[in-house]
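Read the structure below first, then the notes.
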Amino acid sequence: MQLGLTVGMAGPHPKLDMEMILEAERLGFTQVWTGEAYSTDAVSPAAWILARTSKIKAGTGIMQMPARTPACAAMTVLSLQALSGNRFICGIGPSGPQVIEGWHGVPFGKPMQRTKEYIAIIKQILAREKPLEFRGEQYSIPYDGPGASGLGRPLRSIAHGDPDVPFYTASITPAGLRMAGEVADGNLPIFFSPDAPDVVTGPTLEGRRKVGKTMQGFDTAPFVRAKLGPDVAACRDAIRPELALYIGGMGARSKNFYNDMITQMGFPGEAKTIQSLYLDGKKNEAAAAVPDALIDAISLCGPAERIRDRLAAWKDVAKAGHLGTMVLKGSSIDVLRVVAEAVL
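Note that the numbering used here gives residue 211 to position 212 of the sequence shown, counting from 1, and the numbers run on in steps of one.
Structure, rendered in structure tokens:
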């Protein structure tokens with residue numbers, strides 16, 4: 000099992016914790032992921048990290064596809080691969096309609112089809128076998144639709160890229176996980192439990208088999224929240240609000256993919272209760288309703304000894320092929336050191 004981490008730039012005054020990233024690199028972590036919602040972007044901090052490190056890989060977790068054309072994303076891949084010595088990882092995803100239509104002002108469209116076409120176009124650009132031409136449901140290159148000038152012509156990238164650059168998605172629905180297995184090299188599920196790994200890897204394997212592959216070489220790299228401290232309850236409480244937000248508030252009452260995933264992990268009643276409270280405006284009550292068992296299943300909480308004990312289950316599912324990289328989220332340098340000592 001390899002180790003990675005996420006770094007955030009949230010809040011009104013964004014800041015990147017390079018001290019933690021450099022310590023992760025020193026400890027032997029292989030990946031660091033940056034994200035974007037409707038504030039800072041994912042590419043700029045990834046470029047900053049790659050410029051200030053020498054070994055660790057940096058990935059976008061995730062670039063919002065509707066915010067960029069596939070060719071723009073391919074140019075990002077070409078640039079950062081060239082500048083970093085092939086240490087850039089391309090993580091892409093559809094985001095959600097609230098952000099895509101409410102922030103970027105473009106149609107959300109069909110996320111599964113968009114992902115397939117997006118990766119296919121980037122791969123074609125990187126391969127440089129011929130000038131770019133693509134006719135799909137979401138993209139038509141050269142563009143020949145309404146408003147076209149008629150002057151567009153197929154172009155080939157001037158720069159020579161690496162067609163083997165790894166692509167990651169951030170899929171959690173069964174359909175999305177199957178698609179990830181089919182077209183990507185890895186996936187960044189926001190929730191994962193070593194007690195119920197098939198929720199993620201079952202559909203992924205279906206997608207891999209569809210294209211004649213096994214899970215060999217596919218990196219399931221879940222985000223794992225980790226809080227180190229002597230008081231287990233206090234560590235759990237630090238994680239509750241974020242889980243309540245996703246389970247209760249990230250989606251409509253009739254459709255919340257995060258809620259669905261927690262239900263599949265064995266917490267159907269709790270998921271429904273959290274959502275009802277959250278959507279009724281009772282956010283504190285929703286956070287309090289997040290069960291200890293769920294937090295313990297998908298997170299690492301408490302003193303160093305407790306975290307080391309729980310890591311045994313994660314290492315077991317990694318040996319069984321369900322997990323490639325554990326990506327620590329919301330961590331501290333002390334957490335990185337405890338986990339690295341137990342895993343690497």
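We put the CB at the ideal spot given by N, CA and C, even for glycine.
Model, not experiment: these values are computed from the prediction.
When beta bridges are read from the DSSP output, Asp184 appears opposite no residue. The beta carbon of Val98 sits closer than 6 Å to the beta carbons of Tyr37 from its chain, once the five residues preceding and following it are set aside; these are given in chain order.
Of the residues Leu278, Ala317 and Val199, the one whose Cα lies closest to the Cα of Gly175 is Val199. Secondary structure remark: continuous alpha helix (DSSP H) runs of at least 4 residues inside the segment 268–301, in chain order: 282–287 and 291–297. Comparing alpha carbon positions, the residue from Thr59, Ser94 and Gly92 closest to Gln80 is Thr59.
The residue among Thr52, Thr168 and Tyr142 with its C-alpha nearest the C-alpha of Ile20 is Thr52. In chain order, Arg51 place their CB closer than 7 Å to the CB of Met17, counting only its own chain and leaving out the 5 sequence neighbours on each side. Closest in C-alpha terms to Asp279, from the list Asn255, Gly248 and Gly268, comes Gly248. For Ala183, the closest of Phe190, Phe191 and Arg208 by C-alpha to C-alpha distance is Arg208.
Counted as a single uninterrupted DSSP element, the beta strand (DSSP E) harbouring Gln30 occupies residues Gln30 to Thr33. Shown here, Val337 sits in a helix according to DSSP, grouped into three states. Under the three-state reduction of DSSP, Arg25 is assigned to helix.
Taking the C-beta atoms as reference points, Gly206 is found nearer than 8 Å to Ala179. The three-state secondary structure of Gly248, taken from DSSP, is helix.
In this structure, Tyr117 lies away from Ile171, with their beta-carbon atoms at least 8 Å apart. In the displayed model, Val198 falls within a helix according to three-state DSSP. Taking C-alpha positions only, Trp47 is separated from Lys54 by approximately 14 Å. Counting C-beta pairs with one atom in each stretch, the segment 19–34 and the segment 109–124 have fewer than three that are closer than 8 Å, which means they do not touch.
Between Phe190 and Cys89, the C-beta gap is not smaller than 8 Å, which leaves the two residues out of contact.
By the C-beta criterion, the segment 270–287 is judged to be in contact with the segment 238–254, since at least 3 inter-stretch pairs fall below 8 Å. In the same chain as Ser298, and ignoring 5 residues on each side of it, the C-beta atoms closer than 6 Å to its own belong to Arg224 and Ile238, in chain order. In this structure, the alpha-carbon of Lys212 lies about 11 Å from that of Thr203.
Remark: C-beta atoms of Pro130 and Pro162 do not approach each other more closely than 8 Å. Between the alpha carbons of Ala57 and Val42 lies a distance of about 10 Å.
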